[in-house]
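Beneath this line is the structure, given in structure tokens, with notes to follow.
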Amino acid sequence: MAKPCVRVYNGDGAGSRSVLSTVEALHQVLKPDLEVHQMSPQELLAGEWHDSSLALVMPGGADLPYCRKLNGKGNCIIRAFVENGGAYIGLCAGAYYASSYVEFGIGTKLEVKGSRELAFFKGKAVGPVYPGFCYESEAGAHAAPIAFRPLSSSSDSSSPDAGVRDLEREAKDPVASSTGTPEVRVRCRDYSNGGPFFQPLAEGPAARQVMAASAGAAENFTVLAVYTEKEDAIAALKCHVGRGRAVLVGTHPELAPKWLASQTDAVAIDQSFREDCPTQQSDEDVREGVREQLQRWSKERHEYLCMLLHEAGLGEHVCMTSPHI
Numbered sequence: 001m002a003k004p005c006v007r008v009y010n011g012d013g014a015g016s017r018s019v020l021s022t023v024e025a026l027h028q029v030l031k032p033d034l035e036v037h038q039m040s041p042q043e044l045l046a047g048e049w050h051d052s053s054l055a056l057v058m059p060g061g062a063d064l065p066y067c068r069k070l071n072g073k074g075n076c077i078i079r080a081f082v083e084n085g086g087a088y089i090g091l092c093a094g095a096y097y098a099s100s101y102v103e104f105g106i107g108t109k110l111e112v113k114g115s116r117e118l119a120f121f122k123g124k125a126v127g128p129v130y131p132g133f134c135y136e137s138e139a140g141a142h143a144a145p146i147a148f149r150p151l152s153s154s155s156d157s158s159s160p161d162a163g164v165r166d167l168e169r170e171a172k173d174p175v176a177s178s179t180g181t182p183e184v185r186v187r188c189r190d191y192s193n194g195g196p197f198f199q200p201l202a203e204g205p206a207a208r209q210v211m212a213a214s215a216g217a218a219e220n221f222t223v224l225a226v227y228t229e230k231e232d233a234i235a236a237l238k239c240h241v242g243r244g245r246a247v248l249v250g251t252h253p254e255l256a257p258k259w260l261a262s263q264t265d266a267v268a269i270d271q272s273f274r275e276d277c278p279t280q281q282s283d284e285d286v287r288e289g290v291r292e293q294l295q296r297w298s299k300e301r302h303e304y305l306c307m308l309l310h311e312a313g314l315g316e317h318v319c320m321t322s323p324h325i
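Counting along the sequence shown from 1, when you hit position 112 you're at 112 in the UniProt record's numbering, and nothing is skipped either side.
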């Protein structure tokens, strides 16, 4: 009998580095009882992967090519998989793709905006969180400070900035406990390059109060992480979709620092997008600075990835003692 598996989409729009780093990270963090396979658009559209799969990962890259290839039949197949108990994990472009509406680079030559079919998250994916993004470049990359829900409340004083990485949140904050009791939160830095934050469609003081009090239950989502230097904008969330789950992540917890030293994330996109990027800008200093920060926070990033996989329903297959970074 074939082992169950996690499928990583590899088609137009999927960044080459994003696919490879995602597959590598999953191989390292998941137990051997769960296989990891890349999946082409043709395989996805055939729909024969449902029964053997526990999760579909849509990696970073660009979401417009995802739309062109998968709108209609492809999205129906994905939605049926999740509604019947599967998991969808959207990383960066994959998170934009699974939100109701996308706002990317508004007011710039890279602007993309519009509704999306999957709409697992009933809200907007808005980005880039940090300015300077350029396709196939690290010029706009950041080691973004985030705070996330830990799998446990244990702390480690050997971590960088010990004493501030374990946070207590007030009940008014998006990551606060649904009981109103402050909880410990883990602070770390994660790779961000063009990724979004998430904004509920009914945004406003009243909506934020409801979200904090109910952990997103009214909107069918739970906040898993926030950008701490961006007024606690939502960095990751979980949606319940039928009998399944969708976990959307604005950053890249799967990306090991070594990938920043070897290659950029090549994406099959329109040539006009490349021409609109400031390609003359050197990204070497940015690349090295981000790489060093990610290395310092490797343990917390590993815990973050494990937490996200657990929230996607893969907890029994996660090996907490095998760092992917």
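Cβ coordinates follow ideal geometry from the N, Cα and C atoms, glycine included.
**Three-state class that DSSP yields for P65 in the structure shown** = helix
**Prompt:** Taking contact to mean at least 3 C-beta pairs separated by less than 8 Å, is the segment 99–113 in contact with the segment 221–237?
**Reply:** no
**Item:** C-alpha gap between M39 and Y66, whole angstroms
**Value:** 13 Å
**Asked** Quick one, are the C-beta atoms of E117 and V241 less than 8 Å apart?
**Response** no
**Message:** What would DSSP say about I106, mapped onto helix, strand or coil?
**Reply:** coil
**Prompt:** Which first and last residues belong to the alpha helix (DSSP H) in which A46 is found?
**Reply:** 41–46
**Prompt:** For Y101, which residues of its own chain have a beta-carbon under 6 Å away from its beta-carbon, when the five flanking residues on both sides are left out?
**Reply:** S115, K124
**Prompt:** Which whole-angstrom value is the C-beta distance of R189 and A147, which I expect to be below 8 Å?
**Reply:** In fact, because the Cβ distance is near 11 Å, the residues do not count as touching under 8 Å.
**Request:** Could you please give the first and the last residue of the uninterrupted alpha helix (DSSP H) stretch that includes R287?
**Result:** 284–296
**CA nearest to the CA of Q254, picked from Y304, G107, V247** = According to the sequence as given, residue 254 is Glu; it is not Gln. The option with the nearest alpha carbon to E254 is Y304.
**Item:** Option in D285, A143, K238, H37 with minimal Cα separation from E229
**Value:** A143
**Prompt:** What's the C-alpha gap between S21 and P59?
**Reply:** 9 Å
**Item:** Rounded distance between the beta-carbons of P128 and G47, thought under 8 Å
**Value:** Not quite, the Cβ-Cβ distance comes to about 33 Å (not below 8 Å), so this is no contact.
**Message:** Assuming contact is defined by CB atoms lying nearer than 8 Å, are T251 and S192 in contact in what I supplied?
**Reply:** yes
**Asked** Mind checking Q293: buried by the 16 CB within 10 Å criterion, or exposed?
**Response** buried
**Request:** Keeping to the same chain, check which residues put their C-beta closer than 8 Å to that of G315; ignore five residues upstream and five downstream.
**Result:** L309
**Under the three-state DSSP convention, the category T228 falls into** = coil
**Prompt:** How many angstroms separate the CA atom of G11 from the CA atom of A236?
**Reply:** 24 Å
**Asked** Got a sec, what are the start and stop residues for the alpha helix (DSSP H) L54 sits in?
**Response** First-last for L54: 53–58, but that is the beta strand (DSSP E), not the alpha helix (DSSP H).
**Item:** Reduced DSSP category for G98 - H, G, I as helix; E, B as strand; rest coil
**Value:** It should be noted that the sequence gives Ala, not Gly, for residue 98. A98 falls in the coil class under three-state DSSP.
**Prompt:** What are the boundary residues of the alpha helix (DSSP H) that includes L26?
**Reply:** 16–29
**Request:** Can you say whether I234 is buried or exposed, counting buried as having 16 or more other CB atoms within 10 angstroms of its CB?
**Result:** buried
**Message:** For I78 and L56, which I take to be in contact (beta-carbon distance under 8 Å), what is that distance rounded to the nearest angstrom?
**Reply:** 6 Å
**Asked** How long is the line joining the alpha carbons of E300 and Y227, rounded to whole angstroms?
**Response** 15 Å
**Prompt:** Three-state secondary structure (DSSP) at Y130?
**Reply:** coil
**Asked** Is it true that the CB of K3 sits closer than 8 Å to the CB of L34?
**Response** yes
**Prompt:** Leaving out the 5 sequence neighbours to the left and right, which residues in its chain are closer than 7 Å to D313 when beta-carbon positions are compared?
**Reply:** It should be noted that the sequence gives Gly, not Asp, for residue 313. Here the set comprises A87, R245.
**Prompt:** Looking at C-alpha atoms only, which residue of C76, C239, F198 is the closest neighbour of E231?
**Reply:** F198
**Request:** Closer than 7 Å by C-beta to V286: which residues in its own chain qualify, once you throw out the five before and the five after it? Chain order, please.
**Result:** E138, A139, A141
**Asked** What separation, rounded to the nearest whole angstrom, lies between the Cα atoms of R68 and L151?
**Response** 37 Å
**Message:** Rounding to the nearest angstrom, what Cα-Cα distance links W49 and Q295 in this structure?
**Reply:** 36 Å
**Message:** I need the boundaries of the alpha helix (DSSP H) containing V112, first residue and last residue.
**Reply:** Premise fails: V112 lies in the beta strand (DSSP E), 112–115, not in any alpha helix (DSSP H).
**Asked** For the alpha helix (DSSP H) that contains A80, what are its first and last residues?
**Response** 73–83
**Request:** Whole angstroms is fine: what's the gap from E311's alpha carbon to E288's?
**Result:** 32 Å
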